[in-house]
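Structure record follows, encoded as structure tokens.
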Amino acid sequence: MTVWVDADSCPRLVRNYLIRYTKKFNIPIIFAANRQIPQPSSHLLFKMIICGEAKDSADNYITSNAEAQDIVITRDILLADRLVKKSVTVLNDRGTVYSKENIGRRLSERNLSLQFSQLGLIEHKKNNYGKEEFSKFAAGFDKEIQKLLKKAASVSEKPPQSER
Numbered sequence: 006m007t008v009w010v011d012a013d014s015c016p017r018l019v020r021n022y023l024i025r026y027t028k029k030f031n032i033p034i035i036f037a038a039n040r041q042i043p044q045p046s047s048h049l050l051f052k053m054i055i056c057g058e059a060k061d062s063a064d065n066y067i068t069s070n071a072e073a074q075d076i077v078i079t080r081d082i083l084l085a086d087r088l089v090k091k092s093v094t095v096l097n098d099r100g101t102v103y104s105k106e107n108i109g110r111r112l113s114e115r116n117l118s119l120q121f122s123q124l125g126l127i128e129h130k131k132n133n134y135g136k137e138e139f140s141k142f143a144a145g146f147d148k149e150i151q152k153l154l155k156k157a158a159s160v161s162e163k164p165p166q167s168e169r
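Residue 6 is where the sequence shown starts when you use the numbering used here, and the numbers rise one by one after that.
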């Protein structure tokens, strides 16, 4: 299992929490971004991948490398859609888990919001990120990590299949 972070837009509070959490449980963590994200870390399993400035380069890197037993943190619904199709666990920095059941609706909401915005029908609201949002994220992240750890443990406990 690896924790992947779409680090360009991830709040510092979340990044710091993820570093501490993954260090405590000895879980590899990779930040992917289009630029260097200042993140001092003594976590031996921490990597910062700078993917270049091309549009979606960090998203493409994460999509190419994340696997079904991994977890990805992103605000990007288009990236989440790509990852959900690969059966990767995905959640945003507010603790919302993206799944095959809800990603279509999330994409539709995103597209509708973009259209309204382009027509000047809605103003961009300020995205405040505080203790309440972080608390929801931390609870959601822990829940999803525990699910993945249990799943990994049950797979490793199964006896090998005999060949016939």
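All C-beta atoms in this analysis are idealised placements derived from N, C-alpha and C, irrespective of residue type, glycine included. The structure displayed is predicted, hence computed values, not measured ones.
Counting of Cβ neighbours within 10 angstroms places V89 among the buried residues, the total reaching 16 or more. Per DSSP, the unbroken alpha helix (DSSP H) holding V89 starts and ends at 82-89. The closest CA to that of N70, considering only L112, R40, S92, is found on S92.
Taking 8 angstroms as the cut-off, the Cβ atoms of L153 and I35 do not count as close.
The continuous alpha helix (DSSP H) containing D64 extends over residues 62-70.
With contacts defined by Cβ atoms closer than 8 angstroms, I55 and Q44 do not form a contacting pair.
The DSSP-derived three-state label of V93 is coil.
Looking only at I32, R17, K28, S14, the smallest Cα-Cα distance to T7 is reached by I32.
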